[in-house]
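Counting along the sequence shown from 1, when you hit position 578 you're at 578 in the UniProt record's numbering, and nothing is skipped either side. Positions of the beta carbon are idealized from the N, C-alpha and C atoms, including for glycine.
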Amino acid sequence: MAEAAQQEKHGFQTEVKQLLQLMIHSLYSNKEIFLRELVSNAADAADKLRFRALENAALYEGDGELNVKLSVDADAGTITIADNGIGMNREEVIANLGTIAKSGTKDFFSKLSGDAAKDSQLIGQFGVGFYSAFIVADKVTVRSRAAGADASEGVEWISDGEGEFTVAEINKPTRGTEITLHIREDEKEFVDAWRLRSIIGKYSDHISIPVLMWRDEIPEQDGEDGEKIPAVPGEWESVNKATALWTRDKSDISDEEYKEFYKHISHDFADPLSWAHNKVEGKSEYTSLLYIPGKAPFDMWNREQSHGLKLYVQRVFIMDDAEQFMPTYLRFVKGLLDSNDLPLNVSREILQDNKVTQTLRQGCTKRVLQMLEKMAKNDSEKYQSFWSEFGNVLKEGPAEDFSNKDKIAGLLRFSSTHDESDAQSVSLEDYISRMKEGQDKIYFVTADSLQAAKTSPHLEIFRKKGIEVLLMGERIDEWLMSHLTEYNEKQFQSIAKGDLDLGDLDDEETKKAQEDAEKEVEGVLERAKTALGEKVIDVKFTHRLTESPAVITADENGMTTQMMKLMQAAGQTVPEVKYHFELNPEHQLVKKLADVQDEALFSQWVGVLFDQAALSEQGSLKDPASFVRNLNSLLMNMAK
Numbered sequence: 001m002a003e004a005a006q007q008e009k010h011g012f013q014t015e016v017k018q019l020l021q022l023m024i025h026s027l028y029s030n031k032e033i034f035l036r037e038l039v040s041n042a043a044d045a046a047d048k049l050r051f052r053a054l055e056n057a058a059l060y061e062g063d064g065e066l067n068v069k070l071s072v073d074a075d076a077g078t079i080t081i082a083d084n085g086i087g088m089n090r091e092e093v094i095a096n097l098g099t100i101a102k103s104g105t106k107d108f109f110s111k112l113s114g115d116a117a118k119d120s121q122l123i124g125q126f127g128v129g130f131y132s133a134f135i136v137a138d139k140v141t142v143r144s145r146a147a148g149a150d151a152s153e154g155v156e157w158i159s160d161g162e163g164e165f166t167v168a169e170i171n172k173p174t175r176g177t178e179i180t181l182h183i184r185e186d187e188k189e190f191v192d193a194w195r196l197r198s199i200i201g202k203y204s205d206h207i208s209i210p211v212l213m214w215r216d217e218i219p220e221q222d223g224e225d226g227e228k229i230p231a232v233p234g235e236w237e238s239v240n241k242a243t244a245l246w247t248r249d250k251s252d253i254s255d256e257e258y259k260e261f262y263k264h265i266s267h268d269f270a271d272p273l274s275w276a277h278n279k280v281e282g283k284s285e286y287t288s289l290l291y292i293p294g295k296a297p298f299d300m301w302n303r304e305q306s307h308g309l310k311l312y313v314q315r316v317f318i319m320d321d322a323e324q325f326m327p328t329y330l331r332f333v334k335g336l337l338d339s340n341d342l343p344l345n346v347s348r349e350i351l352q353d354n355k356v357t358q359t360l361r362q363g364c365t366k367r368v369l370q371m372l373e374k375m376a377k378n379d380s381e382k383y384q385s386f387w388s389e390f391g392n393v394l395k396e397g398p399a400e401d402f403s404n405k406d407k408i409a410g411l412l413r414f415s416s417t418h419d420e421s422d423a424q425s426v427s428l429e430d431y432i433s434r435m436k437e438g439q440d441k442i443y444f445v446t447a448d449s450l451q452a453a454k455t456s457p458h459l460e461i462f463r464k465k466g467i468e469v470l471l472m473g474e475r476i477d478e479w480l481m482s483h484l485t486e487y488n489e490k491q492f493q494s495i496a497k498g499d500l501d502l503g504d505l506d507d508e509e510t511k512k513a514q515e516d517a518e519k520e521v522e523g524v525l526e527r528a529k530t531a532l533g534e535k536v537i538d539v540k541f542t543h544r545l546t547e548s549p550a551v552i553t554a555d556e557n558g559m560t561t562q563m564m565k566l567m568q569a570a571g572q573t574v575p576e577v578k579y580h581f582e583l584n585p586e587h588q589l590v591k592k593l594a595d596v597q598d599e600a601l602f603s604q605w606v607g608v609l610f611d612q613a614a615l616s617e618q619g620s621l622k623d624p625a626s627f628v629r630n631l632n633s634l635l636m637n638m639a640k
């Protein structure tokens, strides 16, 4: 063993301490995944060396046979995983093993509940990698040396996972990383070569480099016919198939192998919902293996966070998170792409405007949308599970991907007045199939929440006539509908914008009754316009209400309340927004308003009705104190 120089003590980042404690206590039911994670990291290190060696073959240091070696010392109670990959220098060891450099980490920890079962799922989404060693070990020693560095530049990292680690310089003749786990007394089941072989066979067959374990010498034996069977010397032998899974024929790959490969590339613990493995030949030649995860990652809403596919060129690993091959609205997709058409020295800059990249991006996007369409058609329960995790991300699609707008629209799910539950399970096809005779528009309403959408006064006439309305209570819905204008030749119509025209859905008798109601209070409009002045675009009668006295509506091409809030949340300057003020001539309050002769009192009533309508639409008022004063004054007058 190499002698270490003087050790330096360092403290773990606070988040690392939390993660270590959570893993030890939350992942007790699936302890063997430590080996999958460590072998996976070792394979990644080999991939990175192979890529860097494309430009600098000297990094191989005369040893181009990349592998992972797994050793067991039952007497010492240790397991050692050693690779001859890219290795790490001192700064990399401290950064990679002492901190968690992931944006959104604090938000991730804020979601932990203390419930071991629930938290283990979140930990799986976060990806634990190296720290999984502490599930079974009470001490971990890491020795590493970066490829191309001098033997004297090795580094040794030691920790018991309790809060501190030490780092020291060592002499390490070989490149790569060697991790020794000092197994806890109650986990000695893992200090068994056959147990480890079975775990490797279960989790790591798909890794493209060999995982080697030592096979002891078999001494000379007597055969049944009296002849001697020669001794077989001890040697390192591969215990995995060591063939890149995506290069194998689909018919030879089991579902379990596909699932384990997903966990290898994503470091997720849960199974994927679906996957697609395709080999394309012709003008472009490439293989793609794409997965839909079962759970959303904790940092999904950070659009700046790295996402994308692993990129291979002719089976040589090139880069992680190649975002050029997957649109942002599909950033939850995991998987890889292996191209025969890109150069081995391809960079992110070259990928950006490369015609081959565009073809591959289109092909991968098409595959994912087909996967989702198939899931929605054949397994609605599974698709509903997908939608609850990733639906709001998919809603970004119509704005980002015009060429696939109709496909994406067909995958959207909404709540509606057809079903009073909170489930977003209504497709646009469902809605169209239930449209009333004579209905030519898809009606929808947006609000701050689903509950606010359900109770919107704009719904009143639609409920009365039994016309279904899509209910949208997510902040992104307004953005979505600004880019989704029609589906299947049916126009979308916000019931909170412009004049309401139900066309053939209104009968002549109803129209006559509405005209009579307006005549009864016809003087109210001009007086209300005068009272409100510049606060509104216009004052008019409406028949969209059956229970409320008044409502405010946005101009047909104007900015709605939800769009205004969306812009404010994004830190953008929002212009002043004015509304149409619409009065229900059939409501008793409006009829009483017409009888008020005192203009000052009339103005107070109009102001209260306007603020009530604004409060219902916006959820807040610019001047709530004025509203309260006016309302109190009117109540006092009524009490006299």
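Shown here, threonine 560 sits in coil according to DSSP, grouped into three states, outside any helix or strand. The beta carbon of tyrosine 487 lies closer than 6 angstroms to those of Ala409, Leu428 in the same chain, with the five residues before and after it left out. If you look at asparagine 278, you'll find it in the beta strand (DSSP E) that goes 274-280. The C-alpha of valine 142 is placed about 15 angstroms away from the C-alpha of histidine 10. The Cβ neighbour count for alanine 569, taken over all protein chains shown within 10 Å, is under 16; the residue is labelled exposed. Distance from the CA of lysine 355 to the CA of glutamine 324, rounded to the nearest whole angstrom, comes to 11 angstroms. Between the beta-carbon of lysine 295 and that of alanine 276 there is about 19 angstroms, and that puts the pair past the 8 angstroms contact cut.
Contact between glycine 129 and histidine 307 fails: their C-beta atoms lie close to 18 angstroms from each other, not under 8 angstroms. About 5 angstroms separates the beta carbon of isoleucine 170 from that of glutamate 156, a gap short enough to meet the 8 angstroms contact definition. Lysine 310 is bridged by DSSP to Leu336. Distances from the alpha-carbon of aspartate 406 to those of Gln424, Ser347, Leu484, Lys436 put Leu484 closest. Val445 is the residue among Val445, Ile467, Ala168 whose C-alpha sits nearest the C-alpha of proline 457. Taking 8 angstroms as the upper bound for CB-CB distance, alanine 452 and alanine 496 are not in contact here, some 12 angstroms apart. It is roughly 11 angstroms from the alpha-carbon of glycine 282 to the alpha-carbon of aspartate 341. For the pair alanine 43 and tyrosine 262, the Cα-to-Cα distance works out to about 15 angstroms.
Within the DSSP bridge table, the entry for glutamate 169 names Val155 as partners.
In the DSSP assignment, lysine 519 falls outside any beta strand (DSSP E) and within the unbroken alpha helix (DSSP H) covering 508-520. Leaving aside the five residues that flank arginine 434 on each side, the residues in its chain whose CB is nearer than 7 angstroms to its CB run, in chain order, His418, Glu468.
Around the beta carbon of leucine 459, a 10 Å sphere encloses 16 or more other beta carbons of the protein chains shown; the residue is thus reported as buried.
Note on geometry: alpha-carbon atoms of methionine 375 and valine 368 lie some 11 angstroms from one another. Apart from the 5 residues on each side of it in sequence, lysine 48 sits with its Cβ closer than 8 angstroms to the Cβ of Gly85, Ile86, Phe317 in its chain, given in chain order.
Comparing alpha-carbon positions, the option among Lys17, Leu70, Arg50, Tyr131 lying closest to phenylalanine 34 turns out to be Tyr131. Between leucine 20 and alanine 46 a beta carbon distance of about 26 angstroms is seen, past the 8 angstroms cut, so the two are scored as non-contacting.
By the neighbour-count definition (other C-beta atoms within 10 Å, threshold 16), glycine 64 is an exposed residue.
Secondary structure at aspartate 430: helix, using DSSP grouped into helix, strand and coil. Taking C-beta separations shorter than 8 angstroms and ignoring five residues to either side along the sequence, the partners of glycine 163 in its chain run Gly11, Phe12, Lys17, following chain order. Annotation: histidine 182 is outside any alpha helix (DSSP H); the continuous beta strand (DSSP E) that includes it extends over 176-183.
Counting only runs of 3 or more residues that sit fully inside the stretch 399-461, the beta strand (DSSP E) segments are 441-446, in chain order. Per DSSP, the continuous beta strand (DSSP E) segment holding leucine 470 begins and ends at 470-472. Going by C-alpha positions, lysine 519 is about 44 angstroms away from leucine 412. Cβ-Cβ separation between proline 398 and lysine 334: approximately 23 angstroms, too far for a contact (criterion under 8 angstroms). The Cβ atoms of aspartate 338 and threonine 243 lie no closer than 9 angstroms to each other. Assigned with DSSP and collapsed to three states, histidine 267 falls in coil, not helix or strand.
The secondary-structure analysis by DSSP pairs valine 539 across a beta bridge with Phe581. Per DSSP, alanine 137 is not a residue of any alpha helix (DSSP H); the beta strand (DSSP E) it occupies stretches across 137-145. Cβ neighbours of leucine 566 within its own chain (closer than 7 angstroms, five residues either side excluded): Arg475, Glu478, Trp479.
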